[in-house]
DNA sequence: AGACAAACAGAACGTCTGTACCAATGTCAA
DNA sequence: TTGACATTGGTACAGACGTTCTGTTTGTCT
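Chains as they are written, first to last, in our numbering: chain R, 253 to 547; chain G, 253 to 547.
See below:
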């Protein structure tokens, strides 16, 4: 009834965490239990929760008041809202997929696309050790030049990466360049350079050949494909497996995009302040040119 | 108090779904609301839920009894347990993110990127109604020409979409084209055409202007941005909000890529057998040319 | 048309909830 | 030791809760 409300459960949890020290023993006990079982708050009564926490009901009301809430109801409402908001993102995926796929043929396509995309992305993030990306990052930063090779659907990805990386460092080029074969761009590549190459089933001959000749010259290879057994993996120092499953006639670039975004982030982070400054001046220049509208 | 209990919310939901047909009107209304908002059951009172569902409180009691539960309390408890059990999966990700982010500064960047990317993707899929994409698909298929407009990081996305859509149908063009301004490509666009436009905060002036002039000519607009209040949304017939959050200095295209993949899939599915045949012949030709290696 | 059953709304009941109040206890300074 | 103060436990109460009962409405079958 007061002017409370309008604070999310995350914020409340954070406040409780930092306030733990200055709470009285019983209050701390209650707060501790709430912090460890936040969801239980949303589905319990004062007495029920009090018993679970080994505390008197009063204490919970006092805990709520401590955080300037009008009472336990307001306190609980915050957690309830949190439970409801989770629905959107963390809802039971299987059930959601089922319900969507019932909406006709396109619903099924939608559900399958969703499932594939999310799985590809999750697998990439959970099965890839950031330390390996870090190693790759260092190799790129220490190289003389870095080539990014992708054909077909992967060409835009390669190009975009080169474009963005170019803001932070020099010597990043996308291949193939202007109608030529990938190998042409690698004419003077040697062991001081890095080649980032990607191709997915069915594997493209040109990429394979480019990787082969580059490797023969000692160029460091960073290979990206959908299988550790892909033909560009064996000669690569750095290997990343990215899922591209999709019900469509092409392969999905969702997880691939995520990989390059992470790689880019690592590059900027490791490149030091000079890269950050370079990016900022880039943005400032654009702002000054009136490229953006002020909302 | 009875022997109820011990059935999961999934099972109850399934039972309700299949029993929907044999329920009386009010009971069906109540059951329908519960099926669409199962989580709300767990955090509401009879009266509160009844009001949300547009039903009288005792109807909910009858609904519970219909499924051989001792009362609304038992009914609600099932959903409450469901809410609590979700904790595990929910916490899994939270815990994983935490453990990763402890691995130094880059680990934190990795974890944040992962969290953002997965959230963006999940939100897109869960908050976008495939029926709306279907409407957009039909508009595109019925159009004379379709333009896909994206600048900066979005240009490769637009280009790639036009490239792939070109396999299935005619008249899809990416803008801007070859160093010209986006508006230039729209010189002869009118109400028979569709313009797919995207820009994200900070919004790009050229995109805004292109959308404005195209809309003035009656061209159908499909807008994609990170907010429903984005300046290209108001004149659009078809609007899609795509999250682009990321800890990086650019915006994330992960969810955006997913959107276009789905749109493409819908296009092919609705375009009929001719599109499929066209794609297949495309692949066959490539195969014959020896573009791919046989593993 | 009337009889009947099913479905629903309204009011009333006992129970449990959240909270305010006060007593009991512990803590510290004078 | 005493008193002031903060913290905690116990109790009582008004209101909201889930539920039941009863009357009304609705639809169906003779």
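For each residue, glycine too, the CB sits at the ideal point set by N, CA and C.
Endpoints, the beta strand (DSSP E) within which residue 425(R) is located | In the DSSP assignment, residue 425(R) falls within the beta strand (DSSP E) that extends over 424 to 427.
With DSSP as the reference, please indicate the residues paired to residue 475(R) in a beta bridge.
-> 449(R) and 491(R)
What residues are listed by DSSP as bridge partners for residue 293(R)?
-> DSSP lists no partner for residue 293(R).
Unbroken alpha helix (DSSP H) run spanning residue 508(R), endpoints | 506 to 523
C-alpha gap between residue 315(G) and residue 283(G), whole angstroms | 7 Å
Which residues, taken in chain order from the region 479 to 506 of chain R, show a beta carbon closer than 8 Å to some beta carbon of chain G?
-> 483, 498, 499, 500, 501, 502, 504, 505 and 506
So what does residue 401(R) bridge to, in DSSP terms?
-> 427(R) and 449(R), per the DSSP bridge assignment.
Is there contact between the region 475 to 484 of chain G and the region 463 to 481 of chain R, where contact requires at least three CB pairs shorter than 8 Å?
-> no
3-residue-minimum beta strand (DSSP E) runs that sit fully inside the region 359 to 415 of chain R, ordered along the chain = 398 to 401
Helix, strand or coil at residue 537(R) [DSSP, three-state] | helix
Using the Cα positions of residue 342(R) and residue 323(G), report the straight-line distance between them to the nearest angstrom.
-> Confidence is the limiting factor: at residue 342(R) the pLDDT is only 49, short of 50, which leaves the residue's position unreliable, though a coordinate-based value still follows. Going by the C-alpha atoms only, they are around 29 Å apart.
What residues in its chain sit with their C-beta under 7 Å from that of residue 290(R), if we drop five residues either side in the sequence?
-> For residue 290(R), the CB contacts under 7 Å within the same chain, skipping 5 residues up- and downstream, are 261, 265 and 331 in chain order.
Could you have a look at residue 253(G) and say whether DSSP puts it in helix, strand or coil?
-> Here the model assigns residue 253(G) a pLDDT of 39, short of 50, so the residue's position is not dependable, and the following value carries that caveat. The answer is coil: DSSP assigns residue 253(G) none of H, G, I, E or B.
Within chain G, partners of residue 365(R) - CB distance below 7 Å = 513, 514 and 517
Residues that residue 285(R) bridges to, as DSSP identifies them = In DSSP, residue 285(R) forms no bridge with anything.
Since residue 405(R) contacts residue 502(R) with CB under 8 Å, what's their CB separation in whole angstroms?
-> 6 Å
Which residues share a DSSP beta bridge with residue 456(G)?
-> 544(R)
Measure from the alpha carbon of residue 419(R) to the alpha carbon of each residue in 535(R), 545(R), 401(R) and 287(R), then state which is nearest.
-> 535(R)
Is DSSP giving residue 342(R) helix, strand or coil here?
-> Legend: pLDDT at residue 342(R) = 49, less than 50; position of this residue unreliable, no value from coordinates given.
Short-range partners of chain R found in the region 276 to 307 of chain G, where Cβ spacing is below 8 Å | 291, 292, 294 and 295
The region 450 to 461 of chain G: positions lying closer than 7 Å to chain R by Cβ | 454, 455, 456, 457 and 460
Inter-residue spacing [alpha-carbon to alpha-carbon] between residue 445(G) and residue 455(G) = 23 Å
Beta carbon proximity, residue 378(R) to chain G, threshold 8 Å | Against chain G, the CB of residue 378(R) has a partner CB under 8 Å away; the residue lies at that interface.
Any chain G beta carbon closer than 8 Å to residue 359(R) | yes
For residue 304(R), which of helix, strand or coil comes out of DSSP?
-> helix
With residue 484(G) and residue 460(G) assumed to form a contact (beta carbons below 8 Å), what rounded beta-carbon distance in angstroms separates them?
-> 6 Å
What residue range is occupied by the uninterrupted alpha helix (DSSP H) comprising residue 268(R)?
-> 261 to 271
Per DSSP, what kind of secondary structure is residue 480(G) in: helix, strand or coil?
-> coil
Do residue 361(G) and residue 517(R) have their C-beta atoms closer together than 8 Å?
-> In contact: residue 361(G) and residue 517(R) (Cβ atoms closer than 8 Å).
Three or more C-beta pairs closer than 8 Å, one from the region 348 to 365 of chain G and one from the region 426 to 440 of chain G: is that the case here?
-> no
Just reading off the alpha helix (DSSP H) that residue 442(G) is part of, what are its end residues?
-> Taken as a continuous stretch (DSSP letters only), residue 442(G) belongs to no alpha helix (DSSP H), as it is neither H nor E.
Taking all protein chains shown into account, decide if residue 382(G) is buried (16 or more other Cβ within 10 angstroms of its Cβ) or exposed.
-> buried
Just to confirm, are residue 377(G) and residue 441(G) a CB contact at a threshold of 8 Å?
-> no
Reducing DSSP to helix, strand and coil, say where residue 248(G) ends up.
-> Outside the shown range of chain G (253 to 547) lies residue 248(G), about which nothing can therefore be said.
Proximal residues of chain G, C-beta to C-beta of residue 332(R) below 8 Å = 295
Verify the CB distance criterion: does residue 430(R) have a CB-CB separation below 8 Å to chain G?
-> no
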